[in-house]
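A.B. asks: First, the structure itself, so that you have it in front of you.
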C-alpha cells in the first residue's frame, strides 16, 4: 500500500512550518485530518487548513509563487486557481504526488460571513499538536466543535458530537457558549451538550427546534 | 419495518457512543496511526477500483472527480435532508 495521504501530510506540514518561520505566515490544521485526535476515527481524502497570508503582507498571487516553488500543483492551472480564490478565499491545489487535494482557507478578518469568521477565531487559539511525530499547529478542540457546528453537514455534526462525547469534561464551556452566541449557533451548541449520543438523533432534534 | 425501526437499527449498528468510548481507551498515537492507515487504505482502494474501471483515466483525474463527487454529496445532504 502506498502512503499517499501520509506523504501529502508530511509535505504540507514541512511547508507550513517553514513559511511560518521564514515568512511569518501563521497557519493551523482544521477539519477531517484532526478526527483521530479529536473525534471518531473516520476516513478523509483531503487536508483542510487555514493560512493567514494577508497579515504577512502576501497577496494570493505572491502566495501561489511560493506554492509553485514548493512542488504543489494546481487542479487545472494556477491562473484559474487564483481567480477562484479571489472570490472564495479558498485555494484548492494538489500535493507533489498529485493525489491529495489541499483545501487552503485564507484567513479573512472583519468579515460578516459566518464561515469566514471561523478563521481568525481558530488561529487565535491554535494549539501545538503532534501527528505522526511531526509537531504542527492545529485548531483547539473548542474551535474544532465551533467550525463543525457552523458548517453544519451531517458529517460535521457527527464530528462535533464525537469531540463533545470524548472531551466534554475538559472543554472550556464558557468560551464555547460565548462564541456560539456570537456566531448564531447557540441552538446547535445547546443540543450538542444535552446528552444526545447519536448523530441521527441530533439531526432529528435540530430539525424540530430550527 | 417502520421508519422508526430503521432509525433504531441505524443507531444500534453505528454504535456511535460505544465507538467513542472505545477510542478513549486507545492510546492517542494509535488512534492517529489508525486514522492515517484508514485514509491511505481507502485512497489506494478507490484509485485501484477506478483504474480498473477506466484504464485510460489518469490518477489525477480520478482524484479530482472523487473530490467533486464528495462535495456534491455533502451539499445535497445539507440542503435536502436536514436543513
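Chains as they are written, first to last, in the numbering used here: chain D, -7 to 202; chain X, 152 to 234.
Cβ atoms here follow ideal geometry from the backbone N, Cα and C, with glycine treated the same way.
1) For residue 240 of chain X, which three-state DSSP category applies?
2) Got a sec? Which residues, its chain only, sit under 6 Å from residue 190 of chain D by beta carbon, not counting five neighbours each side?
3) As an exercise, report each continuous beta strand (DSSP E) stretch of at least 3 residues that is fully enclosed by the region 108 to 155 of chain D, in chain order.
4) Does the Cβ-Cβ distance between residue 191 of chain X and residue -3 of chain D come in under 7 Å?
5) Using 7 Å as the limit for Cβ to Cβ distance, is residue 7 of chain D near chain X?
6) Contact check, residue 167 of chain D vs residue 134 of chain D under 8 Å by CB: the rounded distance?
7) How many angstroms separate the CA atom of residue 22 of chain D from the CA atom of residue 140 of chain D?
8) Is the beta carbon of residue 35 of chain D closer than 7 Å to that of residue 189 of chain X?
9) 7 Å is my cut-off, CB to CB: does residue 91 of chain D come that close to chain X?
10) From residue 146 of chain D to residue 65 of chain D, what distance separates their C-alpha atoms?
11) Do the region 49 to 61 of chain D and the region 102 to 120 of chain D make contact, defined as three or more Cβ pairs closer than 8 Å?
12) Thinking residue 96 of chain D and residue 83 of chain D are a contact (beta carbons under 8 Å), I'd like their distance in whole angstroms, please.
13) By DSSP, does residue 105 of chain D sit in helix, in strand, or in coil?
14) DSSP on residue 11 of chain D, reduced to helix/strand/coil?
15) If I follow the unbroken alpha helix (DSSP H) through residue 173 of chain X, where does it start and stop?
16) Leaving out the 5 sequence neighbours to the left and right, which residues in its chain are closer than 6 Å to residue 188 of chain D when beta-carbon positions are compared?
17) Quick one, are the C-beta atoms of residue 56 of chain D and residue 74 of chain D less than 7 Å apart?
18) Can you give me the C-alpha to C-alpha distance between residue 125 of chain D and residue 150 of chain D, rounded to a whole angstrom?
19) Going straight from the alpha carbon of residue 16 of chain D to that of residue 202 of chain X, what length do you get?
C.D. replies: Well, looking at it:
1) The shown model of chain X, from 152 to 234, leaves out residue 240 of chain X, and the question about it has no answer.
2) none
3) 119 to 123 and 126 to 130
4) yes
5) no
6) Between residue 167 of chain D and residue 134 of chain D a beta carbon distance of about 6 Å is seen, short of the 8 Å cut, so the two are scored as contacting.
7) 10 Å
8) yes
9) Closer than 7 Å to some Cβ of chain X, the Cβ of residue 91 of chain D qualifies, so yes.
10) Going from the Cα of residue 146 of chain D to the Cα of residue 65 of chain D covers about 31 Å.
11) no
12) 4 Å
13) coil
14) helix
15) 167 to 176
16) 194
17) In this structure, residue 74 of chain D lies closer than 7 Å to residue 56 of chain D by Cβ.
18) 27 Å
19) 42 Å
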